[in-house]
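If you read the protein sequences in the order shown, they are chains R and F. Its first residue numbered 5, the first sequence is counted upward by one per residue in our numbering. Its first residue numbered 10, the second sequence is counted upward by one per residue in our numbering. All C-beta atoms in this analysis are idealised placements derived from N, C-alpha and C, irrespective of residue type, glycine included.
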Amino acid sequence: MTTTQLPPTGRRLADPTPALPPRKPRRRRRNLREQISGWGMIAPAAVLLLAFVFLPAILGFGLAFTNARLVSPRPVEFVGTDNFARLFADPTFWRSLLNVSYFAVVVVPVQSGIALAMALLINKKFRGVNFFRTIYFLPVVTSMVVVSLLWMFMYRKDGLINEMLSAASFGLINGPDWLNDPATAMPAIIALSIWQAAGFHMIIWLAGLQSISGELYEAAQLDGASRWHQFRYVTWPGLKHTRTLVLVTITIQALGLFDQVSVMTQGGPLDSTTTIIYEAVRSGFKQQETSYASAISLVFFVLVLLISAVQRYLSREKD
Amino acid sequence: MNKRFTRILATSVAAAALIGTLGACGKGSASASSEGSNEITMWTHNAGNPEELAAIENIVDSYNKSPGAKAKIKVQAFPQDSYNDSVVSAAASGKLPCIVDIDGPNVPNWAWAKYLTPLKLEADVSKNLPSTVAKWEGETYAVGTYDVALAMLARASDLKAAGIRVATVEKPWTKDEFQDALTKLKALGKWDYPLDMGTAGTGEWLPYAYSPFLQSFGGDLINRDGFQSADGALNGDKAIEWAQWFRGLADQGFMAKKSGKDSTQDFLNSKSGILYTGSWAADKARAAVGADLVVMPSVDLGNGPKIGGASWQWGVTSGCGNSAAAMDYLSYSLKSENLAAIAKATGTIPATDEAAALLPEYAKGGTNRIFMELSRNYAVMRPETPAYPFIATEYGKAVQDILAGADPKTALDKSVKAIDANIKSNGGYKN
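Structure follows, in structure tokens:
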């Protein structure tokens with residue numbers, strides 16, 4: 005940002021109009037003042053981020069190579085890559101990686117699709133549109149812990165969902181014990197997560213939709229484009245940047261799956277819902293193994309970084 | 010560009026250094042002024058339990074007003090869920106209060122971490138319930154004013170209808186009798202599951218409730234000789250037998266793999282015939298069921314019935330500036346009338362016979378006297394080793410996995426491997 009405000013000094017010296025020599029120092033002074041106030045404005049955020057995000061993160065990466073404990077009288081020792089060796093030999097870790105991939109692979113397309121559909125539905129002008137916007141957005145402002153607790157009751161063997169299935173099928177379908185069956189626990193968590201979070205991405209899609217000029221649609225209508233063609237050739241290309249944002253945010257959110265698992269299943273049954281973050285919290289706090297939890301976090305960080313980089317690369321501007 | 014970058018770096022380093030010094034200052038001054046000698050702080054976990062908190066505050070008030078008080082005690086209450094985290098983070102920053110309460114099985118861990126100092130009390134605790142005195146490596150680190158006991162609750166009318174005898178402390182049910190009782194109760198067709206073991210429980214409930222069964226079979230959470238390995242104890246033949254038996258209760262339809270949210274309420278609503286729970290549920294059950302309620306000891310699975318020992322206890326921290334006053338208060342709180350007041354408020358078992366004599370329900374012949382006998386006769390301490398918090402999480406996971414259908418041997422072998430690796434990486438948890 006600052007580079008565009010400041011033209012390179014070299015070119016200014018080569019300026020063929022030397023009629024304005026007194027402007028130069030004044031401009032430089034003004035620039036300096038602007039710079040100072042600029043730095044001053046980002047300083048509070050920068051300091052807080054440094055102190056509470058970057059420093060702990062760096063310390064955490066350091067801890068991953070030690071044998072630090074949450075509660076221990078023993079001095080911390082450097083143990084090299086022991087924690088990582090243990091981590092990669094742990095079947096639960098690989099299972100949690102698999103679970104998170106499963107979760108992300110389903111949630112990313114389905115949630116962004118549903119969010120886009122909802123955004124298209126409420127991007128119309130009709131009476132009561134705000135009512136629907138509020139309804140769709142309501143789950144987002146409800147805490148995930150509360151949502152998880154409520155759905156836990158709904159998912160029980162004699163819970164609301166099975167009662168509804170049974171009533172709708174005239175007693176033919178006898179629903180499973182959703183959260184206690186390794187086959188259905190993860191799908192159950194996926195459904196609830198999409199329900200809770202789709203509203204947020206709906207708002208992002210909506211912002212993108214409203215930034216597309218109405219003239220484009222008028223022109224497309226004059227050309228006789230069908231509804232589908234309007235979506236395909238006007239809306240979809242117009243949402244390019246929004247798409248990247250939605251993709252990246254949903255992916256990161258999906259990889260960080262924790263709340264639902266912690267409240268509803270504690271990783272069970274038989275590790276079918278455990279996740280990387282859940283394993284990190286379990287080893288760091290319940291099992292007091294700070295260093296091992298740091299190693300898990302470091303692996304998670306690298307993973308998110310890689311995936312984001314790949315997504316960034318795939319969705320880059322291609323000129 | 011480069012210059013600007015250097016400036017960013019310089020600013021951030023300066024800011025970080027500043028914050029670092031501020032933090033250090035904060036820490037330094039806090040530990041220096043830690044506890045003035047005339048007022049000491051006491052932390053308790055029961056902010057969410059008004060009756061227990063009120064009982065404790067009463068004792069503190071009377072101590073503060075007593076002429077012999079060596080210091081003024083100030084009570085700070087925390088919610089139970091965040092209590093342990095609060096203590097651990099306070100310890101990390103050197104801000105522990107003088108007196109803390111501790112869940113019994115955690116005492117060795119905190120003693121090992123040097124949070125706690127050995128107790129030197131005037132009060133004689135030799136006659137207290139053994140499970141209320143927490144020892145580690147020959148020293149007493151914490152004392153409890155009460156304990157709780159596991160038992161089985163049932164309705165006498167149901168047992169009679171099924172033709173089953175009531176188990177007693179003198180003659181508890183054997184494994185076969187238990188099997189027979191459950192079969193007969195199930196045949197009554199009165200409930201979906203005749204037995205409720207609280208299988209929806211999480212955290213400390215899992216080792217507290219189910220490791221006594223393992224011990225009754227002859228297994229254990231760890232080899233108690235030196236506490237260096239769980240191999241053979243937690244994955245030996247006896248442990249496999251336990252796992253198969255426990256899993257079998259669910260497979261035969263005697264109990265749910267995951268019970269309801271509130272097992273006591275389910276029992277009172279006649280959703281289960283036998284409820285396996287702690288003494289804390291007894292008063293509520295008796296109020297609802299009345300004289301029909303029977304309290305029975307746990308099952309004898311080979312080595313006599315076993316139940317978990319130790320509940321919340323009190324200890325003095327090693328950084329306490331006035332530990333003499335802290336010990337003096339603890340001795341004061343162990344007086345019979347104080348023990349009785351807390352036990353009455355919390356529905357728990359008072360730590361001594363003298364205190365029990367002050368409470369009609371716990372006095373000889375009282376309705377809750379049986380819990381005291383259960384505690385005296387059957388209580389097994391959870392392994393007194395600093396490794397316990399880790400063992401508890403591993404065992405809890407094994408229980409959940411076994412119920413969910415995991416192969417017992419595989420699940421238990423996995424726990425043993427993790428426990429042994431943890432002990433080894435902590436240098437055997439030696440002092």
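Beta carbon proximity, residue i to chain F, threshold 9 Å
i                      : result
residue 289 of chain R : yes
residue 38 of chain R  : no
residue 273 of chain R : yes
residue 76 of chain R  : yes
residue 263 of chain R : no
residue 71 of chain R  : yes
residue 286 of chain R : yes
residue 181 of chain R : yes
Closest by C-alpha distance to residue i, when choosing among the options
i                      : options                       : result
residue 408 of chain F : F:327, F:383 and F:254        : F:254
residue 405 of chain F : F:385, F:428, F:295 and F:237 : F:428
residue 109 of chain R : R:80, R:198 and R:321         : R:198
residue 255 of chain R : R:115, R:232 and R:180        : R:115
residue 122 of chain R : R:284, R:287 and R:210        : R:210
residue 88 of chain F  : F:243, F:301, F:62 and F:67   : F:62
residue 66 of chain R  : R:75, R:76, R:85 and R:248    : R:85
residue 221 of chain R : R:215, R:55 and R:234         : R:234
residue 185 of chain F : F:437, F:308 and F:104        : F:308
residue 91 of chain R  : R:57, R:69 and R:32           : R:69
Chain R within 9 Å of residue i, Cβ atoms only
i                      : result
residue 414 of chain F : yes
residue 34 of chain F  : With a pLDDT of only 39 at residue 34 of chain F, under the threshold of 50, the placement of this residue in the model should not be trusted; the figure read from the coordinates follows. No, no contact with chain R.
residue 112 of chain F : no
residue 410 of chain F : yes
residue 391 of chain F : no
residue 234 of chain F : no
residue 272 of chain F : no
residue 41 of chain F  : With a pLDDT of 34 at residue 41 of chain F, under the threshold of 50, the modelled position of that residue is not reliable, and the figure given next carries that caveat. No - not a single Cβ of chain R is within 9 Å of the one on residue 41 of chain F.
residue 278 of chain F : no
residue 30 of chain F  : Note that residue 30 of chain F has pLDDT 41, beneath the 50 cutoff, so the model's placement of it is unreliable and the number below is only indicative. Chain R contact via Cβ: absent.
residue 431 of chain F : yes
residue 25 of chain F  : Any reading at residue 25 of chain F must be qualified, since the residue scores a pLDDT of 49, below 50, and its modelled position is unreliable; no value is offered.
Residues that residue i contacts on chain R, provided the C-beta gap is smaller than 8 Å
i                      : result
residue 80 of chain F  : Near residue 80 of chain F there are no residues of chain R at all, since even the closest Cβ is about 27 Å away, more than 8 Å.
residue 436 of chain F : 78
residue 402 of chain F : 286, 290 and 291
residue 97 of chain F  : 74 and 75
Chain-ordered chain R contacts of residue i [CB-CB under 9 Å]
i                      : result
residue 399 of chain F : 290, 291, 292 and 293
residue 407 of chain F : Simply none; closest approach about 11 Å.
Closer than 8 Å: residue i CB and nearest the ligand ZN heavy atom
i                      : result
residue 116 of chain F : In the structure shown, the ligand ZN is absent, as is every other ligand, since no ligand is present at all.
Cβ neighbour criterion (16 or more within 10 Å) applied to residue i
i                      : result
residue 145 of chain F : buried
residue 87 of chain R  : buried
residue 393 of chain F : buried
residue 91 of chain F  : exposed
residue 346 of chain F : exposed
residue 44 of chain R  : exposed
residue 309 of chain R : exposed
residue 166 of chain R : buried
residue 276 of chain F : buried
residue 73 of chain R  : buried
residue 349 of chain F : buried
residue 273 of chain F : buried
residue 160 of chain R : buried
Contact set between residue i and chain F, taken where Cβ atoms lie within less than 9 Å
i                      : result
residue 186 of chain R : 413 and 414
Chain R contact residues for residue i, given Cβ-Cβ distances below 7 Å
i                      : result
residue 118 of chain F : 75
residue 121 of chain F : 77
residue 266 of chain F : 184
Partner residues on chain F for residue i, Cβ-Cβ distance less than 8 Å
i                      : result
residue 270 of chain R : 211 and 409
_Inter-stretch contact (C-beta, 8 Å, three-pair minimum) for the region 174–187 of chain F and the region 325–337 of chain F_ = no
*Quick one: any contact between the region 203–216 of chain R and the region 138–147 of chain R, if contact means 3 or more CB pairs under 8 Å?*
In short, these stretches touch, since the Cβ pair count reaches three.
*Inter-stretch contact (C-beta, 8 Å, three-pair minimum) for the region 138–154 of chain F and the region 255–270 of chain F*: no
*Evaluate the contact criterion for the region 168–188 of chain R versus the region 256–276 of chain R: three or more CB pairs, one atom per stretch, below 8 Å.*
yes
_I want to know whether the region 326–344 of chain F touches the region 63–73 of chain F - three or more CB-CB distances under 8 Å._
yes
*Count the C-beta pairs between the region 254–272 of chain R and the region 221–231 of chain R that are closer than 8 Å, then say yes if the count reaches three, no if not.*
no
*Can you find at least 3 beta carbon pairs, one from the region 353–362 of chain F and one from the region 280–296 of chain F, that sit closer than 8 Å?*
yes
_For the pair the region 175–184 of chain R and the region 231–250 of chain R, tell me if three or more CB-CB distances fall below 8 Å._
With contact defined as three or more Cβ pairs closer than 8 Å, the region 175–184 of chain R and the region 231–250 of chain R are not in contact.
*Do the region 156–168 of chain F and the region 230–240 of chain F make contact, defined as three or more Cβ pairs closer than 8 Å?*
no
_Between the region 111–126 of chain F and the region 361–379 of chain F, can you find at least three pairs of beta-carbon atoms closer than 8 Å?_
Segments in contact, no.
*Would you say the region 421–435 of chain F touches the region 239–255 of chain F, given that touching needs at least three Cβ pairs under 8 Å?*
yes
*Do the region 151–160 of chain F and the region 311–321 of chain F make contact, defined as three or more Cβ pairs closer than 8 Å?*
yes
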